[in-house]
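Chains as they are written, first to last, in the working numbering: chain R, 259 to 360; chain D, 89 to 679. Cβ atoms here follow ideal geometry from the backbone N, Cα and C, with glycine treated the same way. Data first, discussion second: the structure below is written as structure tokens.
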Amino acid sequence: MHTVQQTIQEHEDCLFARICVNNELGLHARPAARIAQEAQKFRCELRLEVKGQEVDAKSILDILSLAAARGSEITLKSRGSDARAALEHMMQVFSCALDEDA
Amino acid sequence: MARDVVYGIAVSAGISIGKAFFINRTSRRHIPRETIPASRAEQEIDRLTAASDMVRDEFEAARAKVPVELREHGAIIDSHLMICQDPKLMLAAATRIRERLITAEWALEQSVETIAAAFSAIDDPYIRERIQDVRVVADRIMQRLLGGYSSTRALAERMVLMAHDLTPADAIELELDKIMSFATSEGGKTSHTGILARSLQIPAIVGVEGLEESARDGELVIIDALRGRILIDPSEEELATYSDLKYQFENYQKSIIRQCKLPGETVDGFRLEIQANIELAEELQSVLDNGGEGVGLYRTEYAFLNRKQPPTEEDLYREYATLAERLAPAKVTLRTLDVGADKMMNSQEKLDEPNPALGLRGIRYCLKHQDVFRMQLRAILRASVHGNVAVMFPMISGLKEVRQARYQLNLVRQELDEQGIPYNPDMPVGIMIELPSAVMIAETLAQEVDFFSIGTNDLIQYSLGIDRANKHVSYLYQPLHPAIVRSIKYVVDAAHRGGIEVSVCGEVASDPYCIPILMGMQIDGVSIAPQAIPGIKRIIRQVNMEECKQLLRDVLSHATVSKINRKVRQTIFKRFPEELTFFASLLDQDD
């Protein structure tokens, strides 16, 4: 139930997509660990932006420091050689990591 | 005299004498805060990388060994794994080494403090506390850097394991045959450390104040997990005394364990059902090992707490069906969700009630959230065909609540009928008697249900109006207050007049001073912590009903707690000197 558009868009030298945090606790330790883990598989730069605050998606500590609650709108940005593949993959991970709570 | 004595909460009874062995202790004093020549910077970075790689490998190895029932541990290890590779921690530390020309240890320490400062500004308390995870991981890396990493693998002899806290990864890595007992600075009675120690049947004390400051590695210590204290560097005399006590305790344990499968029957043939209170399926083995005749109180809260999403009906059904199957033909009594007060779900914390113990808890919560309640009742009914299952409602204050709860149960039955899903139509339905109002109308309530279970912990709290966790008034928590004894007797008599069974669950039932009094009232059963079963059974098997009734008469004849306590203490101490040495009693603490 991702109501926000999920298409990849281009802006200058980076690709970006918007996504919404749907789970109750927001980006808590478990999804944050998963996101960082997946992001580290790519060479390109991957960043998350919430309300103007932008952090490194490869850092669990950065992701946690966003304290992104349920309903937060996140912009996922990637820049570099495997940027498109990375973004597609991360969008996938995002929806799974956040849905899976058990 | 010992050099030092420190105190904590005994979570697994016993005595152990041995050398202390600390895992994951980082002494702040020993962190080399030094500058280095520029030529050594890359070397320091390599050390740091090697240390964090080592920790990463350990976490990965531990992750692969997490048993299914400790899934939650797996998730924590996952996040620790990510933290130890985190650029904010590791890259930042490397940059510091290069720019400031300092040791890897100092750079790591500074990076952690920078992250801590950033986290302390976060509003969300859950996220703010994750700094503890960062510290746990950094401490581990620091250990490897300092070369002081202490793996139990290297141990030649069995040691007393000491730690600030045992993280899930620690617990999984431990070579348990090298450990004779545990002591930790953190933790409480229901922490996983406690459960682990009890299942291994080794002594353990948690929440020890001053542990890390007092004990040194390799130092001789006595773990007195009967009274919850640790003697550091004991004297010859203390060693002799405790060796004796250890010997006696082990003999006593062996003898009660040998006899624990015998029925809980008095010398004159009065039979009492001895069941266990548990909250995790992992504890089932300990119920069976200790001679429990079933589970008299299964606290179903665990599946609902500390998780982000409520469990599904399938989750609960599987949990209950497994319990029922493993215990059959013995009974398992499932208490419906009892949250509130000290056990809050996320949604309840948001209510921010001024007085949660008097708030939306127990059956009140369930009647307000009927969807959750019915989902649980469906799971219970579906599980009822897998064994001998009973259901019980907590915190009943009056007749209306019983009827409303039964109404919900009937709705669920109809639903199952319509869907052709089988359940046991005769599943017994009971209630907890734990509020003074329920005591007063026990006679009426007995007409509505199949059994009573008297929850003495809450009954004492609500009757005497004291919060036991509040240290200013905890001295008033008196299980043998005349009002309590009379309330329990009143309920037992009312149940029997109504032709239903009544058992007592709560710490009173596992107190050697109190059990003979309860027996004098002719209760039908008790439900207590699994570890308390063998000792309580032994007392029951040694008394006769006449002496229990006499003791009850004596108790009822006194109007003050101090007189009652004195009388009970005299009588029981003469009869069971051994039990009283090895049992913690609720009465021990007062006058």
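Asked                                                                                                                        : Found
Cβ contact (3+ pairs, closer than 8 Å) linking the region 93-104 of chain D and the region 221-234 of chain D                : no
Alpha-carbon to alpha-carbon, H474(D) and S407(D)                                                                            : A small correction: the amino acid at residue 407(D) is Glu; Ser does not occupy that position in the sequence shown. Roughly 11 Å separates the two Cα atoms.
Continuous alpha helix (DSSP H) stretch holding E334(D): start and end                                                       : According to the sequence displayed, residue 334(D) carries Lys and not Glu. From DSSP, the alpha helix (DSSP H) with K334(D) extends over 324-346.
Short-range partners of chain R found in the region 203-217 of chain D, where Cβ spacing is below 8 Å                        : I203, A206, F207, I210, D211, D212, Y214, I215
G235(D) versus L288(D), S374(D), E370(D), I119(D), residue with shortest Cα-Cα distance                                      : I119(D)
Beta-ladder partner(s) of H269(R), from DSSP                                                                                 : C272(R)
Start-to-end residues for the alpha helix (DSSP H) that takes in L233(D)                                                     : 219-234
Amino acids of chain R, ordered along the chain, whose beta-carbon sits closer than 8 Å to that of S199(D)                   : Per Cβ cutoff of 8 Å: no residues; S199(D) is ~10 Å from chain R at best.
Interface partners of S225(R) on chain D, CB under 8 Å                                                                       : Outside the shown range of chain R, which is 259 to 360, sits residue 225(R), and nothing can be said about it.
Residue range of the unbroken alpha helix (DSSP H) whose run includes K637(D)                                                : 633-645
Chain R within 9 Å of V460(D), Cβ atoms only                                                                                 : no
Any C-beta of chain R under 9 Å from that of I260(D)                                                                         : no
Status (buried if at least 16 other CB within 10 Å, exposed otherwise) for F300(R)                                           : buried
Short-range partners of chain D found in the region 311-325 of chain R, where Cβ spacing is below 7 Å                        : D314, K316, S317, I318, L319, D320, L322, S323, A325
Given V631(D) as reference, the closest of H646(D), P604(D), T648(D) once Cα atoms are compared                              : P604(D)
Interfacial residues, the region 276-287 of chain R to chain D, with Cβ spacing under 9 Å                                    : N281, E282, L283, G284, L285, H286, A287
8 Å contact criterion, which V596(D) and T544(D) should meet: CB distance rounded                                            : 4 Å
Beta bridge counterpart(s) of E303(R) as assigned by DSSP                                                                    : R337(R)
Touching by the beta-carbon criterion (3+ pairs, under 8 Å), the region 619-626 of chain D and the region 341-360 of chain D : yes
Local Cβ density within 10 Å of H168(D), reported as buried at 16 or more and exposed below that                             : buried
Pick from A149(D), R151(D), P125(D), R184(D) that is closest to L136(D), judged by C-alpha positions                         : R184(D)
Segment contact flag, the region 324-343 of chain R with the region 202-213 of chain D, C-beta cutoff 8 Å, min 3 pairs       : yes
Q289(D) in three-state terms, based on DSSP                                                                                  : coil
Under 8 Å (Cβ pairs) to chain R, residues found in the region 170-194 of chain D                                             : M170, I171, Q173, D174, P175, K176, L177
Contact between the region 190-206 of chain D and the region 340-354 of chain R (3+ Cβ pairs under 8 Å)                      : no
Interface flag, A294(R) vs chain D, CB-CB below 9 Å                                                                          : yes
Pairwise C-alpha distance: S273(D) and F109(D)                                                                               : 14 Å
Residue closest to Y214(D), alpha-carbon to alpha-carbon, out of I277(R), L285(R), L273(R), V279(R)                          : L285(R)
Contact set for V573(D): own chain, Cβ-Cβ below 6 Å, skip 5 residues either direction                                        : V643
Proximity below 9 Å, CB of A285(D) to CB of S269(D)                                                                          : yes
Nonlocal neighbours in the same chain, by C-beta distance under 7 Å from M609(D), ignoring five residues either side         : I576, K577, V580, L640
Simplified DSSP state of M520(D), which is helix, strand or coil                                                             : strand
Backbone secondary structure at M722(D) - three-state DSSP                                                                   : Because residue 722(D) is not part of the residues shown, which for chain D are 89 to 679, the question remains open.
Stretch-stretch touch, CB-based, cutoff 8 Å, three pairs: the region 449-461 of chain D with the region 476-495 of chain D   : yes
Under 9 Å between C-beta atoms of P524(D) and S541(D)                                                                        : no
Helix, strand or coil at T191(D) [DSSP, three-state]                                                                         : coil
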